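If you're matching them up, the sequences are chains A and B in order. Quick note: the first sequence, position 201, residue 201 per the numbering used here, numbers continuous. One gets the numbering used here by counting positions in the second sequence from 1 and adding 259 to each. Virtual Cβ for every residue (Gly too), placed ideally from N, Cα, C. Computed from a predicted structure; not experimentally measured. Single-structure report; data block below.
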Amino acid sequence: MNRIDKLFQTKSGRILSVYFTAGYPEINSTIPIIRALSDNGADMIEIGVPFSDPVADGPVIQHSSSAALKNGISLKKLLNRLKDIREITDVPLLMMSYLNPVLHYGMEKFCRDIHETGIDGTIIPDMPLEIYTKNYKHIFRGYGIKNIFLVTPQTAEERIRFIDVEGEGFLYVVSSQSTTGTKQVFPKKQMDYFKHLKDMQLKNRLLAGFGISNRVTFNQACRYLDGAIVGSAFIKVLENAPDIHTATHVFIRDLTGRS
Amino acid sequence: MNAITVDKEGFYGEFGGAYIPEMLYPNIRELQDNYLGILESPTFRHELQSLLKDYAGRPTPLYFAERLSEYYKTNIYLKREDLTHTGAHKINNALGQILLARQLGKKRIIAETGAGQHGVATATVCARMGMECTVYMGALDVVRQRPNVERMKLLGASVIPVEQGNHTLKDAVNEALRDWISHPEDTYYLIGSVVGPHPYPDLVARLQSVISEELQWQLREKTGRDAPDTIIACVGGGSNAAGIFYHYLNRPEVRLIAVEAGGKGIDTKETAATIALGQTGILHGSKTYVMQDDDGQITEPYSISAGLDYPGIGPLLSHLFRQHRAEFYAMNDDEALEAAHFLARQEGIIPALESAHALALLNKINFPEDHQVVINLSGRGDKDLEVILRNKGITE
Ligand SMILES: Cc1ncc(COP(=O)(O)O)c(C=O)c1O
Chain A
1 MNRIDKLFQT
11 KSGRILSVYF
21 TAGYPEINST
31 IPIIRALSDN
41 GADMIEIGVP
51 FSDPVADGPV
61 IQHSSSAALK
71 NGISLKKLLN
81 RLKDIREITD
91 VPLLMMSYLN
101 PVLHYGMEKF
111 CRDIHETGID
121 GTIIPDMPLE
131 IYTKNYKHIF
141 RGYGIKNIFL
151 VTPQTAEERI
161 RFIDVEGEGF
171 LYVVSSQSTT
181 GTKQVFPKKQ
191 MDYFKHLKDM
201 QLKNRLLAGF
211 GISNRVTFNQ
221 ACRYLDGAIV
231 GSAFIKVLEN
241 APDIHTATHV
251 FIRDLTGRS
Chain B
260 MNAITVDKEG
270 FYGEFGGAYI
280 PEMLYPNIRE
290 LQDNYLGILE
300 SPTFRHELQS
310 LLKDYAGRPT
320 PLYFAERLSE
330 YYKTNIYLKR
340 EDLTHTGAHK
350 INNALGQILL
360 ARQLGKKRII
370 AETGAGQHGV
380 ATATVCARMG
390 MECTVYMGAL
400 DVVRQRPNVE
410 RMKLLGASVI
420 PVEQGNHTLK
430 DAVNEALRDW
440 ISHPEDTYYL
450 IGSVVGPHPY
460 PDLVARLQSV
470 ISEELQWQLR
480 EKTGRDAPDT
490 IIACVGGGSN
500 AAGIFYHYLN
510 RPEVRLIAVE
520 AGGKGIDTKE
530 TAATIALGQT
540 GILHGSKTYV
550 MQDDDGQITE
560 PYSISAGLDY
570 PGIGPLLSHL
580 FRQHRAEFYA
590 MNDDEALEAA
600 HFLARQEGII
610 PALESAHALA
620 LLNKINFPED
630 HQVVINLSGR
640 GDKDLEVILR
650 NKGITE
């Protein structure tokens, strides 16, 4: 069974997924970061493939992406480094990339290679549902890769239902109208939106992302949804961390209140 | 009837579409569902026509360049988009889109700009309509097109210098898209070229098609025929080319030539010749030719001309290339500078450096003596004076 589905079968609530940019802060950081996240209780890990023009990302991930590219990482090199990753962890792994590097690599080859590497799902923000369904769905299905779709506060109810029908793995709930980044607290508007999604009784599990940065926002997301995705806040921690393992431990402890 | 059009999903053959993150779906969908209805409504058409005439100064002259024709031994006509209000073809598009934005009930306008011509056009129409205006501009372009930055400010726009990437047009588009993601409700993104997700390429091409619409009757008046033998236009994103090609797309007897910015040469890394060096990819919401490296990262372009300094090209132009309907050439910085200088001395017209790339092609291709060649003089060169003068050593 796909590890994402298995996770949601065995655990309900307060699921923590953590995003980081591959090749940042150092080109060799990727494996130590995955190990640290896995050891410290991250339920799911999103490996970001850096892109030169990340339009859905705020300043923190823009910076980590361009630094990672300067460090010389690429999709090819990343997959090579991840070759033995399943000997290190059993945590569900997602790969997040913009569409151009993936198309350049070749969609069929991409799905085959990430499947062989042990990646369970993908997030490709600029690949709309319609284009996925028409051109690529059969390839993803063929390799058992779950492609995760986004819903936003702007998404009409009818479209949320449509995405829920087509979507697999979970739905990525973009918390607010913004690019990726960090927020200290969500206002009532966001809470109403989370609650509304919960009340819709969708078939997919719901993880909130964009803006989750601390225990307050994590708890707010978990109040109505199945968990949350943290990216920018973790990358900021990595930026100044003398030791990845300790920094990750402290970060997850402070965020979730788990000890 | 036009056979070269977009299909329902916004594709010209293989190119185009709307590769957008879900955050932009409602805005793009709203535009897709409404743009044709609004563009074709009698009130919109009437208002746009009267603004184009009385405000922007259309029709722009079709000028027979006598001394240029003598020199190059053919018949050269210049379509004088440089004589529009604000000094480039960009105003045609800006006027159309601001009316559309108002019709959609938007309050705030954002735009990207390279040369600053689209930024000035947008700031101008925003002032005219009393709408708030924010223009993203690469920090390098802010420096090299300073006169336009000052014009925008005087017109009441806020100009935000963008310091990512190469600090040029591509980076300005990225920031404008991020702004739109963060302000989905009240904001309209007024794109400056035939790029971006569907329906922008078609929308902007339609609004620029006024250029070839006029060209037809102007040529008939001057030559008795409504079509020239050849049309030449420079290409950044491709809007002035799309506009002057538009009504001739299905007339194969008209030779269409698009000129890209070669920068320091297409055999160097410092170039913006997308068709010459690019491959199919996705940039700014559309599938098209894109300059990219072996890993699918977009490469940083270079041209002396800020308006052509872009690593992509509109999907319509990719399609015209793929279909062999248009020919593509690349002209380098020095060739454009020389052509700008030459036009100034021969005809008393200072062209924008963008347009000078189209003029430069005359030194590369010989046209038959009895041919009618139309060059789109997409803009005037006031903004480039400093750059042209500084490089004058090359041209004399
Ligand atoms: C005068 C002029 N010509 C041409 C261009 C290039 O744009 P496009 O290819 O969309 O016409 C610009 C862009 O800034 C411009 O200012």
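Beta-carbon proximity check, residue i vs residue j, cutoff 8 Å
| i | j | result |
| --- | --- | --- |
| B:L515 | B:R584 | yes |
| B:M396 | B:G375 | yes |
| A:N100 | B:G555 | yes |
| B:P574 | B:Y271 | yes |
| B:G378 | B:M411 | yes |
| A:F149 | A:L171 | yes |
| B:G275 | B:H543 | no |
| B:S564 | B:A595 | yes |
| B:W439 | B:I369 | yes |
| B:I263 | B:N509 | yes |
| A:R86 | A:G118 | yes |
| B:C656 | B:A416 | With chain B covering 260 to 655 only, the question about residue 656 of chain B has no answer from this structure. |
| B:I279 | A:D254 | no |
| B:Y448 | B:A435 | yes |
| B:Y548 | B:T558 | no |
| B:G710 | B:T530 | The requested residue 710 of chain B is not part of the displayed model; chain B covers only 260 to 655. |
| B:L466 | B:H426 | no |
| B:N670 | B:G566 | The requested residue 670 of chain B does not occur in the structure, where chain B is confined to residues 260 to 655. |
| A:I27 | A:G58 | no |
| A:C111 | A:Y132 | no |
| B:A532 | B:A520 | yes |
| A:Y98 | A:P128 | no |
| A:I252 | A:P32 | no |
| A:R3 | A:P92 | yes |
| A:D43 | A:K6 | no |
| B:Y507 | B:S468 | no |
| B:L310 | B:L354 | yes |
| B:G618 | B:L602 | Per the sequence presented here, residue 618 of chain B reads as Leu, with Gly not at that position. It is a contact, given that the beta carbons lie within the stated cut-off. |
| B:H630 | B:T333 | yes |
| B:I572 | B:G496 | yes |
| A:E260 | A:I123 | No statement about residue 260 of chain A is possible, as the shown extent of chain A runs from 1 to 259 and does not include it. |
| B:G524 | B:N591 | yes |
| A:A68 | A:Y24 | yes |
Per DSSP, the bridge partner or partners of residue i
| i | result |
| --- | --- |
| B:M590 | B:A520 |
| A:K195 | The partner list for A:K195 (beta bridge, DSSP) is empty, contrary to what the question assumes. |
| A:K11 | According to DSSP, which records beta bridges pairwise, A:K11 is partnered with nothing at all. |
| A:L93 | A:I45 |
| A:L171 | A:F149, A:L206 |
| B:V633 | B:Y336, B:I490 |
| A:R161 | Beta-bridge pairing links A:R161 to no other residue. |
| B:K546 | B:G275, B:I541 |
| B:T393 | B:I369, B:S417 |
Chain-ordered neighbours of residue i on chain A, where CB pairs are closer than 8 Å
| i | result |
| --- | --- |
| B:I440 | V55, A56, Q177, S178, T179 |
| B:G276 | I131 |
| B:L542 | D53, N100 |
| B:Q551 | N100, H104 |
| B:K429 | D53 |
Closer than 9 Å at the beta carbon, the chain B residues around residue i
| i | result |
| --- | --- |
| A:L69 | D554, Q556 |
Chain B contact residues for residue i, given Cβ-Cβ distances below 8 Å
| i | result |
| --- | --- |
| A:M127 | Y278 |
| A:V151 | E281 |
| A:K261 | Beyond the ends of chain A as shown, which are 1 and 259, falls residue 261 of chain A; an answer cannot be given. |
| A:F155 | Correcting the residue identity first, residue 155 of chain A is Thr in this sequence and not Phe. Residues of chain B passing the Cβ test: E281, Y284, P285. |
| A:V174 | E281, M282 |
Neighbouring residues, chain A, relative to residue i (Cβ below 7 Å)
| i | result |
| --- | --- |
| B:R437 | V55, T179 |
Chain B contact residues for residue i, given Cβ-Cβ distances below 7 Å
| i | result |
| --- | --- |
| A:Q62 | Q423 |
| A:Y105 | G555 |
Any C-beta of chain E under 8 Å from that of residue i
| i | result |
| --- | --- |
| B:Y548 | Here the protein chains are A and B, and chain E is not one of them. |
Where residue i meets chain A, residues with beta-carbon distance less than 9 Å
| i | result |
| --- | --- |
| B:A433 | For the sequence presented, residue 433 of chain B should be read as Asn rather than Ala. Simply D53, P54, V55, Q62. |
| B:P443 | T152, P153, Q154, Q177 |
Given 8 Å, three or more beta-carbon pairs between the stretch 355-362 of chain B and the stretch 318-326 of chain B
Segments in contact, no.
Determine, using beta-carbon pairs with one atom in the stretch 484-492 of chain B and one in the stretch 627-642 of chain B, whether at least three such pairs fall under 8 Å.
Contact between the stretch 484-492 of chain B and the stretch 627-642 of chain B is present, because at least three Cβ pairs lie under 8 Å.
Hey, is the stretch 177-191 of chain A in contact with the stretch 210-225 of chain A, meaning 3+ C-beta pairs nearer than 8 Å?
When Cβ pairs closer than 8 Å are counted between the two stretches, the stretch 177-191 of chain A is seen to touch the stretch 210-225 of chain A, the count reaching three or more.
Would the stretch 416-429 of chain B and the stretch 339-347 of chain B be scored as touching if the rule is three or more Cβ pairs under 8 Å?
No, they do not touch.
Cβ pair count under 8 Å reaching 3, the stretch 229-239 of chain A against the stretch 15-28 of chain A:
They touch, by the three-pair rule.
Touching or not, the stretch 155-174 of chain A and the stretch 199-214 of chain A, by the rule of three or more beta carbon pairs under 8 Å?
Yes: at least three Cβ pairs fall under 8 Å.
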